[in-house]
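Below: the structure, in structure tokens.
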Amino acid sequence: MNDLAIEYFLCVARNGSFSKAARELFVSQPAISRQISSLEKELGFTLFDRTNKETKLTEIGELFYRFFSEYKEGFSRTLQQAREINLRQNGRVTLGCLSGWDLSGFLPKLIARFKERYPNIALTVEGHDFQDLASALLSGDLDIALSIESSLRPVRDLRVQPLVKIPMLILYSSNHPLAEKPGLSPEDFEDEVFLVPTDKEISAAINTVRASLAPYRFEPKIRVVPNIESMLSGVHNGLGVAVSDVWSRELSNEDFRHIPLSSAHTVCLAWYEKNKNPAIPAVVNDITMLFSQEDKPDAV
């Protein structure tokens with residue numbers, strides 16, 4: 004007897020159909036039939052009445068349906084309890100955040116809360132660029148990432164959970180020729196070069212810049228730079244401007260200025276679905292709770 008056969012049996016019973024179960028499970032109908040036939044042979048009982056157009060459980064099938072349902076529910080509860088015990092004893096989790104963000108509005112609260120609840124778990128926080136966050140999640144170097152949803156949503160095998168929308172802006176140098184212009188608007192930056200940190204000529208980062216400026220009816224002149232630090236250095240030294248957001252650490256830097264845009268983008272949590280680190284659900288839950296509070300950081 005194996006878990007796969009039990010899962011197929013429960014799914015067919017819930018749907019009352021082999022074909023519907025196959026669609027739900029994304030497997031072929033013959034594969035389901037083979038597993039259930041093997042289960043019936045092992046148990047020594049017929050579990051489904053196949054004489055009519057409908058697929059119905061036999062009386063004995065009903066008995067095993069209740070048993071297997073209770074078994075799976077009980078196993079899930081026990082597994083969660085075991086993970087919680089393990090979390091209290093030891094563990095390590097690494098959170099990767101987008102470079103260039105000022106996370107002082109919530110990160111100290113998260114760390115303090117986590118240390119209080121899980122004193123034996125080491126929580127490490129690292130800064131990474133867009134492309135590095137995804138690759139580090141897939142390689143296991145990071146357990147969880149905090150980034151822009153549009154940069155991680157397309158990556159296969161990542162679970163992505165939206166957190167909050169934050170306003171976007173144009174970031175420019177305080178020495179920029181437009182810095183002293185009264186009544187400055189986004190349209191005034193039509194002829195400027197927009198620096199975008201990405202390793203591709205076509206990327207989510209470039210698409211985000213174009214979409215955020217679309218309401219102002221101009222096509223931005225894009226220049227790709229290798230990372231966020233290069234973007235900020237370029238802006239600081241007058242090599243261009245950048246589309247950023249209200250979490251940018253440079254908003255408190257007198258060498259930079261900014262002008263708000265009408266758009267916002269979504270911050271998300273992401274993790275590799277095959278990563279079995281038991282601390283991941285705890286960190287995801289704590290961050291989600293912080294952002295659900297009234298004093299959540301700079302949401303739209």
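If you count the sequence shown from 1, position 149 lands on 152 in my numbering, and the numbers rise without skipping.
Cβ atoms here follow ideal geometry from the backbone N, Cα and C, with glycine treated the same way.
Only a predicted model underlies this, so the values are computations on that prediction, with no experimental measurement involved.
Which class does Glu257 belong to by DSSP, given the choice of helix, strand or coil?
coil
I need the DSSP call for Glu297, collapsed to helix, strand or coil.
Residue confidence is low: Glu297 scores 48 on pLDDT, short of 50, so the model does not pin down where it sits. Its coordinate-derived value is still stated next. Note: Glu297 maps to coil in three-state DSSP.
When DSSP labels each residue in this structure, what does Met4 get in the three-state scheme?
coil
Run through the DSSP bridge pairs and tell me what Asp248 is partnered with.
Beta-bridge pairing links Asp248 to Met171.
Which runs of the alpha helix (DSSP H), 4 residues or longer, sit entirely within the stretch 190-247?
Every unbroken stretch of the alpha helix (DSSP H) spanning 4 or more residues and falling wholly within the stretch 190-247 is given here in chain order: 207-216, 231-239.
Indicate whether Val167 and Leu155 have their beta-carbon atoms separated by less than 7 Å.
no
My output table needs one value for Arg86: the three-state DSSP class, helix, strand or coil.
helix
Is it buried or exposed, Phe70, if we count other Cβ atoms within 10 angstroms and call 16 or more buried?
exposed
What residue range is occupied by the uninterrupted beta strand (DSSP E) comprising Ala125?
Its beta strand (DSSP E) spans residues 124-131.
Cα separation between Ile215 and Glu183?
The question names Ile, yet the displayed sequence has Ser at residue 215. For Ser215 and Glu183, the distance between alpha carbons rounds to 23 Å.
My understanding is that Pro218 touches Ala208, with C-beta atoms under 8 Å, so please give their C-beta distance in whole angstroms.
The Cβ separation is near 19 Å, so there is no contact.
Give the range of the beta strand (DSSP E) segment to which Leu155 is assigned.
Not the beta strand (DSSP E): Leu155 falls in the alpha helix (DSSP H), residues 152-155.
Taking 8 Å as the cut-off, does the stretch 15-32 touch the stretch 47-58 (at least 3 CB pairs, one atom from each stretch)?
yes
Note the first and the last residue of the continuous beta strand (DSSP E) segment covering Leu113.
Where Leu113 is concerned, there is no enclosing beta strand (DSSP E), although the alpha helix (DSSP H) it sits in stretches over 110-120.
Helix, strand or coil: how does DSSP classify Val163 here?
strand
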